[in-house]
Amino acid sequence: MPPFPASQVPERSRRGAGPAGPAGGPDKPALFQGFVWAYGNAAASIAANNARKTRRGRMAETSCRTCANYTYNPAHSGEHIMRQIAVVATVALLLLVTVHPRAQAPTLNREIAPMLPVKQIAYLRASNAESLDHFACGGGNQGHTGTSIGMSGDGQTLAVGAPFESGGSRGINGNQNDNSMYAAGAVYVFTRNGNAWTQQAYVKASNPGVNDHFGSSVALSRDGNTMAVAAHWESSAATGVNGNQNDDSIPQAGAVYVFTRTGTTWTQQAYIKASNTGKADEGNTPGDGDQFGFSLALSGDGNTLAAGAISEDSAAQGINGNDKDDSALSAGAVYVFSRTGTTWRQQAYVKPATNEAGDLFGFSVGLSYDGSTLAAAAFNESTSGRGINPPHDNKFGQSGALFVFTRQNGSWSQQAFIKGSRSEPSDGFGYATSISSDGNTIAVGVGDESCLTPGIDPPGCADDAPPGRGANIWAGAAYVFVRNGTTWSEQSFIKAPNARPYSSFGARLALSGDGNSLAVTSYLEDSAGRGIRPPNLRQFLIQEVFNAWREHKDEAEESGAAYLFTRTAGKWTAGAYIKGDNTDAGDEFGSAVALNDDGHTFVVGAHQEDGPNNAVADSGAAYVFAY
Numbered sequence: 002m003p004p005f006p007a008s009q010v011p012e013r014s015r016r017g018a019g020p021a022g023p024a025g026g027p028d029k030p031a032l033f034q035g036f037v038w039a040y041g042n043a044a045a046s047i048a049a050n051n052a053r054k055t056r057r058g059r060m061a062e063t064s065c066r067t068c069a070n071y072t073y074n075p076a077h078s079g080e081h082i083m084r085q086i087a088v089v090a091t092v093a094l095l096l097l098v099t100v101h102p103r104a105q106a107p108t109l110n111r112e113i114a115p116m117l118p119v120k121q122i123a124y125l126r127a128s129n130a131e132s133l134d135h136f137a138c139g140g141g142n143q144g145h146t147g148t149s150i151g152m153s154g155d156g157q158t159l160a161v162g163a164p165f166e167s168g169g170s171r172g173i174n175g176n177q178n179d180n181s182m183y184a185a186g187a188v189y190v191f192t193r194n195g196n197a198w199t200q201q202a203y204v205k206a207s208n209p210g211v212n213d214h215f216g217s218s219v220a221l222s223r224d225g226n227t228m229a230v231a232a233h234w235e236s237s238a239a240t241g242v243n244g245n246q247n248d249d250s251i252p253q254a255g256a257v258y259v260f261t262r263t264g265t266t267w268t269q270q271a272y273i274k275a276s277n278t279g280k281a282d283e284g285n286t287p288g289d290g291d292q293f294g295f296s297l298a299l300s301g302d303g304n305t306l307a308a309g310a311i312s313e314d315s316a317a318q319g320i321n322g323n324d325k326d327d328s329a330l331s332a333g334a335v336y337v338f339s340r341t342g343t344t345w346r347q348q349a350y351v352k353p354a355t356n357e358a359g360d361l362f363g364f365s366v367g368l369s370y371d372g373s374t375l376a377a378a379a380f381n382e383s384t385s386g387r388g389i390n391p392p393h394d395n396k397f398g399q400s401g402a403l404f405v406f407t408r409q410n411g412s413w414s415q416q417a418f419i420k421g422s423r424s425e426p427s428d429g430f431g432y433a434t435s436i437s438s439d440g441n442t443i444a445v446g447v448g449d450e451s452c453l454t455p456g457i458d459p460p461g462c463a464d465d466a467p468p469g470r471g472a473n474i475w476a477g478a479a480y481v482f483v484r485n486g487t488t489w490s491e492q493s494f495i496k497a498p499n500a501r502p503y504s505s506f507g508a509r510l511a512l513s514g515d516g517n518s519l520a521v522t523s524y525l526e527d528s529a530g531r532g533i534r535p536p537n538l539r540q541f542l543i544q545e546v547f548n549a550w551r552e553h554k555d556e557a558e559e560s561g562a563a564y565l566f567t568r569t570a571g572k573w574t575a576g577a578y579i580k581g582d583n584t585d586a587g588d589e590f591g592s593a594v595a596l597n598d599d600g601h602t603f604v605v606g607a608h609q610e611d612g613p614n615n616a617v618a619d620s621g622a623a624y625v626f627a628y
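Note that my numbering numbers the sequence shown so that position 502 is 503, with each residue one more than the last.
Structure below.
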C-alpha cells in the first residue's frame, strides 16, 4: 500500500536543495528525498488507477477487465509502476543510509506523523465460539447492523456482542452449550489485568428469541459498570420500561437491555422499549417493527441512553411530537432515556426538523459523557447543501446528514444540521458516528463516499470513479467536526492513505474520550499484510516492497484494516495502519471498533474470522491493541 499521500511527502522533496521532484542534483540527501518523492507520487497514481477489486455480485473478474470504455491493464497500472519505483527507492535508501550519515535523518514535513508504537496485546474469542456466530459483528452492510464492541474509559473492561449466537439460556452465565435459538445473540464481557484478558461474563437477554440478534449493538459507561445491549429484532409489543417481555406480536420491534455490575457480578437492571413500538400482527397483515436499537449510545456516566429506530414511521418533527403517526415510512427516530437511581424513563422522542420518509434517522448515534449532547445521523437524508445548517431540499438522494441536539434542564432542542463539505448523492454520510466526552468533537463515517485521493484534507478530491464504473465506488471517508460555544465547523476530511474502491473506509469509526484519537476501519480492504506498520521510515519502505510483492501474489480480499489518526493543536495526522496478526481473506477486520478515553487502548472486531487453523467459519474474533 502507498506509504505517503501526495500531500504528505517529505518537505525537501518538494522545495529542498534542488528543483521539486526527483531531480535533486548530486547531493545524496536530495537524492534520498527524491526517491521518497517518487514513491509517494506513485502512491497517488495507485489511487487513480486502482479500480481492480472484485466484490461479491458487483463485477466479474478477468485477466484483463473491460468495463464500458475503460480498460484495465495490470501491466500499465499505477500499482505496477509503484512497485517498480518502490524497489529502486528501497535499494537507494539502503545504499544512502549506509554511506551518507545525513540521509539517516531527512527533514520531514510537519504533515508526516511519527508512526505510533502500536502493538497487538490480545486476540479474543467467545468461550463457546461456533460457526456463523459473528462475534464482534457490526459491519456497515445492512445485514450486520450496529457496533457490537464497547470499551470502558480506562480500557479495563470490554464487551463484545455475537448477534448470531444461538444459545437458548437466559440471564448471566447460563448454559453455553445450548443451541436451541438461532441468532438469539449473546454478549461476552472481558476484563484486563496487565495485558492479560479473561472472560468475566456470558450475558443473555431475559427473554431470548430466535433472530432477536441480542448484541447487535453494545455500549459501556466510562467505569465499565453499566452496559446497554440492543436486540434490534426482538419482537415484543411492550412499550416503555420493564413491560411484558413474553409477547411476540411485532417482528423486528427491537429492545434494549441495561445491565449493571457490582464487584464482578452482572445483573439486568432494565428492559427498555420505545413508546411507539410499531404495528402489531393483525391476522393476514404481518407486524411492522421499527428496529428500535438499530443504533445505541450510552453516556459516560451511564445515566443517559439513546437508541435509534430507523424503521419508525412518524412524520413528526422536532422533540416529543406525535409518535402515533405512521405517514412517513422509515423516517426513523431516536429515543432518549434517563436514569435516576436505578429507575429508567423515556425523556425524549427525537426527530429532526427536516424529518421525511425514508431518511433512516437514527442510523448511528453518539452521546457526550454527561449525556447533554446527542449526535444522530440520517443515512438517507437528501439535502444538496453542504456545511452547517444548509437550506433543506431533496436534490442529493441518500447523501446523508448529521443532526446535533443538546439538553438543558431536561429539555432537548436541535442545535445543528450538518452536511459534509464534499457531500455527493449516495455517499451515506452517517454510516458511523462518534462523539468525544465533552461533546465538542464529532467524527462521522461516510462508507460510500467515492473519492480516491488519499490522505488528510486532500486537495480537489472530486469523484474519481473510472469511466464506466458508475459514480459510487464505496471508497469511503471520515469527517471531523468541532464545536466552539454553540457553533459547529468542519475540522478535517480524512481518507485512507491507501484509498481504494470498494473498501468502505469509514463504515465504522470511534473517537477516544478526549477526542484526540480516531480509529477508522475499512472492513472490505484487501491487503494481505499483517501486523502494524513500523515506525521507522527505512524499515517501513523495506517492508512495503515485500508487502507489495506479497499482496500482488497473494491478495486477501475483504480481509479488512484499521487506521489510527491523532490530533495535536487542531491538526490530524496518520498514526498507524493496522492489520490483525492472522490476516485472511473474508475476515472483515474492522467490522467494529472501540477506543478508551485516551485512545491508547483500542479493540477491532473481525466478525468473519475463522479461528485457529480456520476451523470455525465466521465465528469472529476481537483484537486488542495498545501503545
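Glycine is no exception: its CB is placed at the ideal position from the N, C-alpha and C atoms.
For clarity, every value in this text was computed on a predicted model and none was experimentally measured.
Per-residue burial, residue i [other beta carbons within 10 Å of its own, 16 or more giving buried]
i      : result
Asn247 : exposed
Asn129 : buried
Ile47  : For Ile47, the predicted model reports a pLDDT of 36, less than 50, meaning its position is unreliable and no value from the coordinates is stated.
Gly398 : exposed
Thr72  : Unreliable placement is indicated for Thr72, whose pLDDT of 28 sits below 50; no coordinate value is reported for it.
Pro460 : exposed
Val89  : Confidence is the limiting factor: at Val89 the pLDDT is only 44, short of 50, which leaves the residue's position unreliable, though a coordinate-based value still follows. Counting Cβ neighbours within 10 Å, Val89 comes out exposed, since fewer than 16 surround it.
Gly612 : buried
Leu330 : exposed
Asp394 : exposed
Arg262 : buried
Ala61  : Residue confidence for Ala61 is low, a pLDDT of 28 falling below 50, so the modelled location carries little weight; the figure read from the coordinates is stated next. Ala61 should be labelled exposed.
Ala616 : exposed
Asn614 : exposed
Asp582 : exposed
Lys580 : buried
Arg346 : exposed
Thr602 : buried
Ser412 : exposed
Ser490 : exposed
Ala623 : buried
Thr268 : exposed
Ala358 : exposed
Pro164 : buried
Ala197 : exposed
Ser422 : exposed
Lys325 : exposed
Ser207 : exposed
Ala638 : For residue 638 there is no data in the structure shown, the boundaries of the chain being 2 and 628.
Supposed contact pair residue j and residue i - C-beta distance, whole angstroms, cut 8 Å
i      : j      : result
Ile474 : Tyr432 : Rounded, the Cβ-Cβ distance is 15 Å, inconsistent with contact.
Ala317 : Gln292 : With a Cβ gap of about 18 Å, Ala317 and Gln292 do not count as contacting.
Phe362 : Ala349 : So it is not a contact: roughly 14 Å between Cβ atoms.
Leu297 : Val257 : 7 Å
Ala627 : Lys274 : With 8 Å as the limit, Ala627 and Lys274 do not qualify as a contact, their Cβ atoms being about 38 Å apart.
Residue i: first and last residue of the uninterrupted beta strand (DSSP E) it sits in
i      : result
Ser149 : No beta strand (DSSP E) contains Ser149, which DSSP labels as neither H nor E.
Thr488 : Thr488 to Ile495
Val638 : Absent from the model: residue 638. The displayed extent of the chain is 2 to 628, so no value can be given.
Met228 : Thr227 to Ala232
Arg346 : Thr344 to Val351
Tyr189 : Ala187 to Asn194
Leu519 : Ser518 to Ser523
Beta-carbon proximity of residue i to residue j, cut-off 8 Å
i      : j      : result
Gly600 : Gln609 : no
Ser373 : Arg408 : yes
Ser424 : Phe430 : yes
Val366 : Val405 : no
Ser217 : Ala231 : yes
Asp213 : Gly169 : no
Gly210 : Asp249 : yes
Asp152 : Asn597 : Here residue 152 turns out to be Met, not Asp, going by the sequence shown. Their beta carbons are under 8 Å apart, which means Met152 touches Asn597 by this criterion.
Ser523 : Gly477 : yes
Gly448 : Ser505 : yes
Val259 : Ile150 : no
Ala557 : Asp515 : no
Gly446 : Ala529 : no
Arg534 : Tyr578 : yes
Residue-level contact to chain D via CB, residue i, 8 Å cutoff
i      : result
Trp573 : The structure shown contains no chain D, having only a single protein chain.
Taking one C-beta from the region 557-576 and one from the region 516-526 each time, how about it: are there three or more such pairs within less than 8 Å? yes
Contact between the region 493-512 and the region 449-462 is defined here as three or more beta-carbon pairs at a separation below 8 Å; is this criterion met? yes
For the 8 Å Cβ check, are there 3 or more pairs between the region 376-394 and the region 159-175? no
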